[in-house]
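The number in the working numbering is simply the position in the sequence shown, starting from 1, with 18 added.
Backbone N, C-alpha and C fix where the C-beta goes; we use that ideal spot for every residue, glycine too.
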Amino acid sequence: MKITCGIDWAENHHDVVLVDQNGTLVAKRRIAETVDGFNELLTMLAEAGDGAGESIPVAIETPRGLLVAALRATGRKVYSINPMAVARYRERYSFSGKKSDHADAMVLANILRTDAHVHRPLPADTELVRSIAVLARACQDATWRRTRASNEMRSLLREYYPAMLEIAAARKGNLTSAVVRAVLQLARYPAAAAKLTKTQIAAALRRAGRVRGVEELAAEIKEVLRRPQLRHAPMVEEAMGAQALRLLATLNIECDSVDELAEAALAGFQKHPDYEVITSFPGLGDLSGARVLAELGDDRDRFTNARCLKAYAGSAPVTRASGRSQLITHRRVKNDRLAGAGFTWAFAALRSSPGARAHYDRRRSTGDRHAAALRHLFNRFLGCLYHCLQTRQCYSESAAFGTQLEAAA
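Okay, structure coming up:
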């Protein structure tokens with residue numbers, strides 16, 4: 019008799035339900051997220067017929083956590099069901115809107131009983147790629163936090179310190195540049211900047227890692243800092259400087275986090291067998307390639323075909339047809355991290371790939387705007403990437419864009 023398991027996940031406990039193929043309750047239990055609790059769950063599954071030949075599948079509302087990791091280690095199929103989908107399924111069993119942990123576990127178990135074929139189990143990725151995913155996502159999160167801290171700093175400096183923004187505009191990375199941050203640490207408001215000597219500025223630049231042209235850059239910065247500008251009252255200006263100093267501390271932490279997490283992610287990515295294939299694509303460097311691998315994984319059975327991969331990444335269009343109306347638009351439900359990495363990938367490829375440039379120009383000539391043309395290019399690259407990963411081949415410009423290159427010529 020086919021048994022399915024549903025687990026309603028919570029912070030302090032988990033409700034477990036087993037149902038048979040007719041939807042009849044077989045067993046239920048509340049367990050803690052401990053070793054003893056997990057052993058209780060395994061015993062419960064074993065008593066219901068769980069065996070090495072065919073393990074009982076489990077449905078849960080989260081793809082993360084210790085319980086999910088322990089379940090995946092047993093080799094069974096674990097389905098992560100979106101909570102919004104669970105809410106819609108709940109309406110099939112209750113019209114009153116009532117809700118309980120036990121009832122939600124029943125709903126999850128019944129989802130697998132009736133509709134397991136339309137849900138995707140968690141991929142069987144290797145330990146290496148899962149570690150890369152943790153580091154690549156953490157690096158991306160740190161990048162977003164760095165951008166937020168930089169924007170807050172820019173907003174504050176625009177109110178009282180335009181000279182520092184002028185210095186930042188000339189540096190790569192703008193306010194995240196180590197040079198700009200070192201100077202701002204030394205001169206957090208205009209009155210303090212006016213007292214700086216060229217020697218002090220040069221020493222700050224060297225501490226920031228500057229090696230060449232230190233004296234010339236120090237003289238340039240000193241000249242900008244001493245230009246006449248509109249000023250606040252001294253006490254107000256000093257207070258804003260104190261605020262800038264605290265924002266700078268946050269910005270420094272996030273800049274260091276990005277660098278260290280990126281280095282750790284790259285170290286793992288370079289050990290992966292797919293590294294050579296992924297980085298052979300134009301526009302994909304080590305860090306962007308690590309982000310792509312982190313979201314795709316290395317389970318070759320995860321996506322049935324390239325169309326499934328494109329839908330997952332959000333690059334494939336969506337058709338909404340009803341009666342005589344038909345609308346084709348872009349996907350809003352997608353893997354946002356992969357879609358973001360794909361936008362960067364496609365944009366970077368425009369300079370290094372003649373085929374990508376020809377494809378982008380053709381899409382623009384047909385009426386696509388910039389974002390739509392890049393999304394279409396990313397869609398094309400994903401089809402090539404899927405094929406290359408399945409066949410263990412590196413990227414070929416002629417195979418990917420042979421027709422566009424001939425037309426452009």
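Three-state secondary structure (DSSP) of residue i
i, result
"His348", "coil"
"Arg189", "coil"
"His32", "strand"
"Pro139", "strand"
"Ser149", "helix"
"Leu265", "helix"
"Val229", "coil"
"Gly24", "strand"
"Ala331", "helix"
"Arg206", "coil"
"Arg249", "coil"
"Ser414", "coil"
"Ala339", "strand"
"Ile271", "helix"
"Arg369", "helix"
"Lys216", "helix"
"Ala88", "helix"
"Tyr97", "strand"
"Ile74", "coil"
"Ala50", "coil"
"Ala66", "coil"
"Leu356", "helix"
"Leu43", "strand"
Buried versus exposed, by CB contacts within 10 Å (16 or more), residue i
i, result
"Lys216", "exposed"
"Met171", "buried"
"Leu314", "buried"
"Trp27", "buried"
"Ala212", "exposed"
"Val76", "buried"
"Asp133", "exposed"
"Ala87", "exposed"
"Glu272", "buried"
"Ile346", "exposed"
"Gly24", "buried"
"Met102", "exposed"
"Asn57", "exposed"
"Ala339", "exposed"
"Leu407", "buried"
"Phe396", "buried"
"Ser306", "buried"
Nearest-angstrom Cβ-Cβ length linking residue i and residue j, presumed shorter than 8 Å
i, j, result
"Arg94", "Ile74", "7 Å"
"Leu400", "Lys328", "5 Å"
"Leu140", "Val96", "5 Å"
"Val34", "Lys46", "7 Å"
"Leu279", "Ala160", "6 Å"
"Leu284", "Asp304", "5 Å"
"Arg349", "Ala359", "Contact doesn't hold; Cβ gap of about 16 Å is too wide."
"Glu177", "Ala209", "With a Cβ gap of about 16 Å, Glu177 and Ala209 do not count as contacting."
"Val125", "Arg148", "Not confirmed; about 28 Å, so no contact."
"Ser298", "Tyr404", "With 8 Å as the limit, Ser298 and Tyr404 do not qualify as a contact, their Cβ atoms being about 14 Å apart."
"Arg381", "His394", "5 Å"
"Leu214", "Lys240", "7 Å"
"Leu223", "Val197", "6 Å"
Spatial neighbours of residue i in its chain, beta-carbon cut-off 6 Å, leaving aside the 5 residues before and after
i, result
"Ser371", "Pro300"
"Arg48", "His31, Asp33"
"Gly227", "Ala196"
Under 9 Å between C-beta atoms of residue i and residue j
i, j, result
"Leu243", "Arg206", "no"
"Ala378", "Leu356", "Looking at the sequence provided, one finds Tyr at residue 378 rather than Ala. No, they are not a contact pair."
"Leu175", "Ala262", "yes"
"Thr268", "Ala127", "no"
"Gly286", "Ile150", "yes"
"Ala418", "Cys402", "yes"
"Gln247", "Pro180", "yes"
"Asn192", "Ala200", "no"
"Leu89", "Glu51", "no"
"Ala366", "Ala154", "no"
"Arg375", "Arg138", "no"
"Ala221", "Glu233", "no"
"Leu146", "Lys289", "yes"
"Ala64", "Val44", "no"
"Arg163", "Thr194", "no"
7 Å Cβ shell around residue i - same chain, five flanking residues per side excluded
i, result
"Cys157", "Val276, Leu279, Ala280, Ala283"
"Leu302", "Ile296, Val310, Trp363"
"Ala331", "Lys352, Asn353, Leu356, Ala357, Gly360, Leu400"
"Thr80", "Trp27, Val86, Ser98"
is_contact[residue i, chain D] using C-beta, thresh 9 Å
i, result
"Leu214", "This model lacks chain D altogether; it includes just one protein chain."
Own chain, CB closer than 8 Å to residue i, minus 5 neighbours either side, in chain order
i, result
"Ala123", "Gly24, Ile25, Asp26, Asp33, Val34, Val35, Lys46"
"Asp386", "His394"
"Arg245", "Ala181"
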